[in-house]
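Residue numbers (the UniProt record's numbering): 1 to 220. Each residue gets a CB set at the ideal place from its N, CA and C atoms; glycine is no exception. Only one structure is covered here, and it is reproduced in the block below.
This is how it looks when you write it as structure tokens:
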């Protein structure tokens, strides 16, 4: 019996948007997947030979790039940060819309002009994307790596600015921060392990299923 085809999906807000696309592509997780009290991370589906794993968004790319999963759903922000050569991103799922932006305290923004920056210190979980963005502008960036609670960095003196995902902007506002520069727009993508795409017959039909699901969703 061949090894199961594993799809890595992200925990958090993207998952709710991804599940209808999965279903439209013909894959529905077992009931335990929806059990909020379950600590399981690996689940069967209604398709024999296809399983789901639920992991942190940043880890989806790693699982797929190293072949532990064959497909995954991951934000373009993560793909840009890691730039794995082993990943192929054939379908923009057009979900998880947000942006990666620079933000700073409102009182600093009132007297600040990003065009005059020559050196910045920022807290972010995207040090590579951040450094590359500022390098293109001729700005030296000192990045402090954080995995969460980014909004605390300016108020506690860790870094005067942050680079983080912004959707509605509510979290920034509630923490006294304002968006001052956009680095990139972000959507979630279907990613595939390149080797698996060449060696497994069950990968391409599933990719096509996702592609049709996106087209149908956007046309609705």
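Start and end residues, beta strand (DSSP E) containing residue i
{"i": "residue 64", "result": "Run containing residue 64: none in the beta strand (DSSP E); it sits in the alpha helix (DSSP H), 57-65."}
{"i": "residue 10", "result": "5-10"}
{"i": "residue 89", "result": "87-92"}
{"i": "residue 144", "result": "140-145"}
{"i": "residue 200", "result": "Segment: none, residue 200 is in no beta strand (DSSP E) and carries neither H nor E."}
DSSP state of residue i mapped onto helix, strand, coil
{"i": "residue 207", "result": "helix"}
{"i": "residue 184", "result": "strand"}
{"i": "residue 220", "result": "coil"}
{"i": "residue 164", "result": "strand"}
{"i": "residue 29", "result": "strand"}
{"i": "residue 116", "result": "helix"}
{"i": "residue 73", "result": "strand"}
{"i": "residue 52", "result": "strand"}
{"i": "residue 79", "result": "helix"}
{"i": "residue 178", "result": "strand"}
{"i": "residue 215", "result": "helix"}
{"i": "residue 190", "result": "strand"}
{"i": "residue 39", "result": "coil"}
{"i": "residue 47", "result": "coil"}
Buried versus exposed, by CB contacts within 10 Å (16 or more), residue i
{"i": "residue 10", "result": "buried"}
{"i": "residue 65", "result": "buried"}
{"i": "residue 39", "result": "exposed"}
{"i": "residue 195", "result": "exposed"}
{"i": "residue 188", "result": "buried"}
{"i": "residue 77", "result": "buried"}
{"i": "residue 199", "result": "exposed"}
{"i": "residue 155", "result": "exposed"}
{"i": "residue 120", "result": "buried"}
{"i": "residue 133", "result": "buried"}
{"i": "residue 29", "result": "buried"}
First and last residue of the uninterrupted alpha helix (DSSP H) at residue i
{"i": "residue 101", "result": "Note, residue 101: premise wrong, no alpha helix (DSSP H); beta strand (DSSP E) at 98-105."}
{"i": "residue 23", "result": "13-24"}
Cβ-Cβ separation, residue j to residue i (assumed contact under 8 angstroms), whole Å
{"i": "residue 41", "j": "residue 53", "result": "6 angstroms"}
* Three or more C-beta pairs closer than 8 angstroms, one from the segment 73-80 and one from the segment 202-209: is that the case here? -> Judged by Cβ distances under 8 angstroms, the segment 73-80 makes no contact with the segment 202-209, as fewer than three pairs qualify.
* **Inter-stretch contact at 8 angstroms, needing at least 3 Cβ pairs: the segment 84-99 / the segment 7-21** => Judged by Cβ distances under 8 angstroms, the segment 84-99 makes contact with the segment 7-21, as three or more pairs qualify.
* For the segment 101-108 and the segment 173-180, state whether three or more C-beta atom pairs, one from each stretch, are separated by less than 8 angstroms. => They touch, by the three-pair rule.
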